[in-house]
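The opening position of the sequence shown corresponds to residue 2 in my numbering, with each subsequent residue numbered one higher. Ideal Cβ positions, reconstructed from N, Cα and C, are used throughout, including at glycine. These notes are about the structure you will find just below.
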Amino acid sequence: MRTASSETPDSLITALLRALEPASASDPPDNDSASVPKTVTQTLSVERLAAIAAMLATAPSIVAVVPPGVTKGRIAALLSPDERRYAGTVMEVLDRAGVLVEPRAEALRWREPRLFCRDDRDWIVAQVRSSSMEDQ
Numbered sequence: 002m003r004t005a006s007s008e009t010p011d012s013l014i015t016a017l018l019r020a021l022e023p024a025s026a027s028d029p030p031d032n033d034s035a036s037v038p039k040t041v042t043q044t045l046s047v048e049r050l051a052a053i054a055a056m057l058a059t060a061p062s063i064v065a066v067v068p069p070g071v072t073k074g075r076i077a078a079l080l081s082p083d084e085r086r087y088a089g090t091v092m093e094v095l096d097r098a099g100v101l102v103e104p105r106a107e108a109l110r111w112r113e114p115r116l117f118c119r120d121d122r123d124w125i126v127a128q129v130r131s132s133s134m135e136d137q
């Protein structure tokens with residue numbers, strides 16, 4: 002009996018760790034942008050990324066708030082529950098595509114809202130598509 006009871010908690014812990022693994026594996030890397038393209042192509046299609054970019058470019062919660070701009074939290078609030086975990090990845094894609102204004106300081110890159118460089122939604126979508134296609 003002692004063997005069975007000691008195996009059960011270990012099995013449960015192993016099962017829980019396996020269940021949590023996909024969620025942590027889908028989180029964007031902190032500073033390793035070289036692995037982002039792999040994550041993007043495995044999670045969100047180029048078309049979906051373009052649709053998200055178009056939505057963000059006109060969303061009142063991005064352009065009509067104070068201060069205006071894109072943040073991971075604001076992206077997550079606009080995504081479906083199934084896609085919210087990709088908010089950081091979307092933010093990195095927008096940054097890499099060059100559609101966001103550069104931050105005041107590198108330390109603020111992921112911490113403060115960032116405006117789009119242009120109001121041209123078609124340009125934003127084209128930049129995101131182009132950048133995402135190059136990464137595949």
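- In this structure, Leu101 is the residue among Asp83, Leu101, Tyr87, Thr90 with its C-alpha nearest to the C-alpha of valine 64.
- For leucine 101, DSSP records a beta bridge to Phe117.
- CA-CA distance, proline 104 to glycine 89, rounds to 16 Å.
- Distance from the CA atom of isoleucine 125 to the CA atom of threonine 59, rounded to whole angstroms, is 11 Å.
- Taken through DSSP and simplified to helix, strand or coil, valine 71 comes out as strand.
- Contact annotation: serine 46 and arginine 97 have beta-carbon atoms that are not nearer than 7 Å.
- Under the criterion of beta carbons closer than 8 Å, serine 62 and arginine 75 qualify as touching, at roughly 6 Å.
- Classified as exposed, valine 66 has fewer than 16 neighbouring CB atoms from the shown chains inside 10 Å of its CB.
- For alanine 54, the uninterrupted alpha helix (DSSP H) segment begins and ends at 47 to 59.
- Cβ contact annotation for aspartate 83 (same chain, cutoff 7 Å, sequence separation greater than five): none.
- Between leucine 116 and proline 69 the beta-carbon gap is near 6 Å, inside 8 Å, which marks them as a contact.
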